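The listed protein sequences derive, respectively, from chains A and B. Mapped onto the working numbering, the consecutive letters of the first sequence carry residue numbers 104 to 207. Mapped onto the working numbering, the consecutive letters of the second sequence carry residue numbers 21 to 664. Glycine included, C-beta positions come from ideal geometry on N, C-alpha and C. As the structure is a prediction and not an experimental result, all values here were calculated from the model. Notes to accompany the following structure.
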Amino acid sequence: LAGTGGPDGQGTGGPSWAVHLESLEGDGEEETLEQQADALAQAAGLVNAGRIGELQGHYLFVQPAGHRPALEVEAIRQQVEAVLAGHEAVRWHSEQRLLRRAKR
Amino acid sequence: SVHFNDPKYPQQWHLNNRRSPGRDINVTGVWERNVTGRGVTVVVVDDGVEHTIQDIAPNYSPEGSYDLNSNDPDPMPHPDVENGNHHGTRCAGEIAAVPNNSFCAVGVAYGSRIAGIRVLDGPLTDSMEAVAFNKHYQINDIYSCSWGPDDDGKTVDGPHQLGKAALQHGVIAGRQGFGSIFVVASGNGGQHNDNCNYDGYANSIYTVTIGAVDEEGRMPFYAEECASMLAVTFSGGDKMLRSIVTTDWDLQKGTGCTEGHTGTSAAAPLAAGMIALMLQVRPCLTWRDVQHIIVFTATRYEDRRAEWVTNEAGFSHSHQHGFGLLNAWRLVNAAKIWTSVPYLASYVSPVLKENKAIPQSPRSLEVLWNVSRMDLEMSGLKTLEHVAVTVSITHPRRGSLELKLFCPSGMMSLIGAPRSMDSDPNGFNDWTFSTVRCWGERARGTYRLVIRDVGDESFQVGILRQWQLTLYGSVWSAVDIRDRQRLLESAMSGKYLHDDFALPCPPGLKIPEEDGYTITPNTLKTLVLVGCFTVFWTVYYMLEVYLSQRNVASNQVCRSGPCHWPHRSRKAKEEGTELESVPLCSSKDPDEVETESRGPPTTSDLLAPDLLEQGDWSLSQNKSALDCPHQHLDVPHGKEEQIC
């Protein structure tokens with residue numbers, strides 16, 4: 104599982120999702136998107152950890168801290184996927200996975 | 021004429037090769053002209069940078085640095101016996117090690133500033149990569165990345181969605197719109213028959229892909245080949261050959277200096293340093309200008325193993341060495357007189373659905389796509405830079421596939437080399453291969469993709485599902501390119517390399533950097549704790565004031581004699597809060613008291629009536645009663661009464 108608890112670093116160690124939002128109101132202002140992201144994260148049972156770097160409209164949603172059994176995590180994952188997939192403002196979303204990168 | 025007192029400088033053969041003159045990056049002449057990277061910031065994206073070491077500290081840029089593994093601004097590496105997190109510090113030293121400090125070595129761009137982004141020492145995700153690629157992108161000019169997907173000869177990976185978006189955003193918005201420069205190492209999988217076309221960072225059009233050659237100019241055992249290789253520079257080779265001498269960390273067993281830095285990791289930072297030199301003399305070079313200058317100035321050299329082919333535009337390329345060796349003198353002289361290339365033009369073909377079987381070698385599947393003049397009319401694309409092919413192929417053993425792309429000129433690129441260790445059964449799913457071998461050639465014409473199966477299966481098993489061609493280039497014509505080549509060659513004498521000559525630079529864009537302080541969960545917890553404590557303390561304090569006021573109220577009437585200030589708790593005295601309460605008792609004349617109390621009501625004023633109505637008396641009241649023995653609950657109204 105992704106080890107990110109915030110867009111700028113690692114955190115809770117629970118699953119996390121990158122979500123690309125488009126403004127429903129059309130103006131695409133950061134503040135509007137931020138509010139949308141907060142609401143969407145809440146609807147999905149996640150916490151909006153903020154914008155991903157400099158990528159406008161991209162947010163990282165993380166699971167609130169706390170140990171959960173694997174079955175529960177899987178149920179949460181399915182619920183989150185369903186909420187994100189069904190939301191009209193979500194242009195793209197992806198659960199964050201660990202990448203293997205090697206020094207050369 | 022360049023002399024440094026750094027003890028290891030004489031051993032930095034890659035900077036000044038006295039044993040084999042010419043086999044270095046040709047930088048000393050540039051230094052002599054005070055081109056040292058001044059005003060340029062290079063950031064090493066790696067496992068941290070020990071910025072307190074004396075070869076780094078004076079050039080360190082905290083403004084450009086960050087630790088994404090610990091989520092704080094300090095990229096100091098964390099000692100780790102297993103992983104040895106000295107890698108970033110070594111790379112940083114190659115770029116910007118401080119000269120004449122009697123310590124270790126000298127960096128290629130020793131006048132530049134060096135930053136660090138610590139990201140490789142912990143779990144890494146797509147979103148973290150995306151943050152790293154754009155971190156402080158109005159401060160950092162060049163991102164040096166000596167890492168990538170596993171070079172095990174069977175991995176096909178690269179930046180994912182967010183990483184790709186960040187690379188693209190970086191070249192659009194970084195460096196005030198001139199574009200961040202991303203330098204990546206081509207990979208160390210040579211001994212595993214790996215190839216950098218299976219590395220999405222090396223394939224990306226937004227990166228400068230740098231390979232390694234040893235001191236003798238040969239491809240080391242670890243080096244990879246690919247069609248997207250832009251150029252090479254020096255690094256270590258076999259055991260008998262010298263490695264790169266650079267700064268090291270001094271944690272654990274480190275001494276602050278090493279003679280053993282090698283791999284393509286050691287090559288990429290040298291390239292990053294050379295690009296820093298270019299940006300000093302011409303700060304408005306765009307990310308594409310940098311790529312063009314490398315293509316125009318890299319030098320072909322004799323190497324038995326390198327298969328050099330000269331393309332239609334006159335550029336020589338080999339899959340082993342790209343367009344050749346980077347040469348700091350040539351790069352800087354070219355940069356000095358370089359005017360920007362025209363806007364990036366591109367053409368994307370439709371997705372070409374084929375569903376055709378891939379035959380066994382020596383037979384092959386050949387698919388064509390013709391790009392007509394009409395196709396390019398809209399974009400104005402005339403000459404090529406990068407050419408990319410995105411394929412979806414099913415095959416039970418991916419490493420058995422060989423893909424070649426032929427540009428209209430006939431220039432062949434081996435974009436998909438067979439890999440003996442890659443037995444992945446899933447083939448390629450929308451994987452993008454790219455080549456730079458057609459750089460400067462005409463874009464119009466027929467492109468041929470030739471695929472064959474070099475495996476030893478006895479039947480045809482692979483199927484080309486679909487493919488798509490993407491061309492990148494500009495409106496430059498072949499004549500424009502030849503003119504530019506001539507212009508650059510005329511500048512190689514160094515005649516423009518002085519401060520009096522400077523082409524005008526357009527102003528950069530003002531791009532705000534989103535770098536507001538993000539509250540991390542830990543910070544949030546701390547704030548909540550502090551908040552709770554504050555609330556608790558406030559309640560406690562109010563309670564204490566309340567109780568002491570009640571004591572005072574109990575002393576309101578001092579019928580005779582002085583009325584003493586009620587005793588306060590020891591704690592209140594210690595904390596100095598005693599003075600904050602106004603004494604309600606006074607031995608003054610009642611008239612004076614009235615006069616004094618005409619001002620705005622104090623806390624005590626407001627509290628007193630309530631207190632008087634309450635019948636709950638604390639222990640302190642008894643104590644107050646000793647001070648004021650004549651107190652009564654009935655409030656005195658007569659002037660003869662002493663008023664509290």
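- request: Compute the beta-carbon to beta-carbon distance between residue 82/B and residue 118/B, rounded to the nearest angstrom, for a pair I have assumed lies under 8 Å.
  value: Contact check for residue 82/B and residue 118/B: beta-carbon distance about 16 Å, past the 8 Å limit, so the pair fails to qualify.
field: Residue-chain proximity (residue 187/A, chain B), Cβ-Cβ < 8 Å
entry: no
message: Any beta carbon from chain A within less than 8 Å of residue 259/B's own beta carbon?
response: Not one chain A Cβ lies under 8 Å of residue 259/B.
message: Between residue 187/B and chain A, is the shortest Cβ-Cβ distance under 8 Å, so that the two count as touching?
response: no
task: Report the neighbours of residue 207/B on chain E: residues whose CB is nearer than 8 Å to its CB, in chain order.
output: Absent from the structure is chain E; the protein chains it does hold are A and B.
message: At the 8 Å Cβ level, is residue 156/A part of the contact set with chain B, yes or no?
response: The beta carbon of residue 156/A falls within 8 Å of a beta carbon belonging to chain B, placing the residue at that interface.
- prompt: Closest Cβ-Cβ distance between residue 190/A and chain B: below 8 Å?
  reply: no
task: Within the same chain, show all residues whose beta-carbon is closer than 7 Å to that of residue 529/B, passing over the 5 residues directly before and after it, in chain order.
output: Closer than 7 Å at the Cβ level, and outside the excluded window around residue 529/B, lie 196, 197.
- prompt: DSSP on residue 141/A, reduced to helix/strand/coil?
  reply: helix
- request: Give the single residue among 296/B, 199/B, 180/B, 185/B whose Cα lies nearest to the Cα of residue 531/B.
  value: 199/B
- prompt: From 437/B, 447/B, 233/B, 370/B, pick the residue whose C-alpha is nearest to that of residue 325/B; which is it?
  reply: 233/B
field: Coarse secondary structure for residue 602/B, derived from DSSP in three states
entry: Residue placement at residue 602/B is poorly supported in this model, since its pLDDT is 37, which falls under 50; the coordinates are not used for a value here.
message: Please give me, in chain order, every unbroken run of the alpha helix (DSSP H) with length at least 4 that falls completely inside the stretch 448-512 of chain B.
response: 498-511
query: Which residues, in chain order, does the stretch 159-174 of chain A contribute to contact with chain B at a C-beta distance below 8 Å?
result: 161, 163, 168
field: Neighbourhood of residue 177/B by C-beta, 6 Å cutoff - its chain only, sequence neighbours within 5 removed
entry: Excluding the 5 residues flanking it on each side, residue 177/B has same chain C-beta neighbours closer than 6 Å at 169, in chain order.
message: Please report the distance separating the alpha-carbon of residue 88/B from that of residue 263/B.
response: CA-to-CA, the gap between residue 88/B and residue 263/B works out to about 30 Å.
task: Provide the residue(s) that pair with residue 525/B in DSSP beta bridges, ordered along the chain.
output: BP columns for residue 525/B are empty, so no partner.
Cβ-based contacts, 7 Å cut-off: residues of the stretch 131-152 of chain A near chain B: none
query: With distances taken from CA atoms, which of 150/B, 114/B, 109/B is nearest residue 271/B?
result: 109/B
field: Interface partners of residue 345/B on chain A, CB under 7 Å
entry: What residue 345/B touches in chain A: nothing, since even the nearest Cβ is about 19 Å away.
- request: Please go through the same chain and pick out, in chain order, the residues whose beta-carbon is closer than 8 Å to the beta-carbon of residue 363/B, but skip the five residues on each side of it.
  value: 494, 495
- prompt: Since residue 349/B meets chain A, which of its residues come closer than 8 Å, beta carbon to beta carbon?
  reply: Those do not exist, as residue 349/B stays about 27 Å from chain A at its closest Cβ, beyond 8 Å.
Cut-off 8 Å between Cβ atoms - residues of its own chain near residue 85/B, not counting five sequence neighbours on either side: 63, 69, 71, 93, 94, 95, 135, 136, 137, 156
task: Determine the closest residue to residue 454/B out of 393/B, 293/B, 224/B, 429/B, with distance taken between C-alpha atoms.
output: 224/B
C-alpha gap between residue 119/A and residue 171/A, whole angstroms: 14 Å
query: Taking Cβ positions, are residue 60/B and residue 296/B nearer each other than 8 Å?
result: If you check the CB distance, residue 60/B and residue 296/B come in under 8 Å.
- request: Could you name the residues of chain B that residue 121/A contacts, counting a contact when the two beta carbons are closer than 7 Å?
  value: 146, 147, 182
- prompt: Cα separation between residue 354/B and residue 517/B?
  reply: 10 Å
query: Are the Cβ atoms of residue 505/B and residue 343/B separated by less than 8 Å?
result: no
- prompt: Using a C-beta cutoff of 8 Å, does residue 155/B count as contacting chain A?
  reply: yes
query: If we count the other Cβ atoms within 10 Å of its Cβ and call it buried at 16 or more, is residue 351/B buried or exposed?
result: Counting Cβ neighbours within 10 Å, residue 351/B comes out buried, since at least 16 surround it.
field: residue 23/B classed as buried or exposed, judged by whether at least 16 other C-beta atoms fall within 10 angstroms
entry: exposed
- prompt: So, helix, strand or coil for residue 514/B, using DSSP?
  reply: coil
- prompt: Going by alpha carbons, who is nearest to residue 31/B out of 91/B, 235/B, 405/B?
  reply: 235/B
- prompt: If you draw a straight line from the alpha carbon of residue 126/A to that of residue 404/B, how long is it in whole angstroms?
  reply: 37 Å
task: Find out if the Cβ-Cβ distance for the pair residue 438/B, residue 412/B is shorter than 8 Å.
output: no
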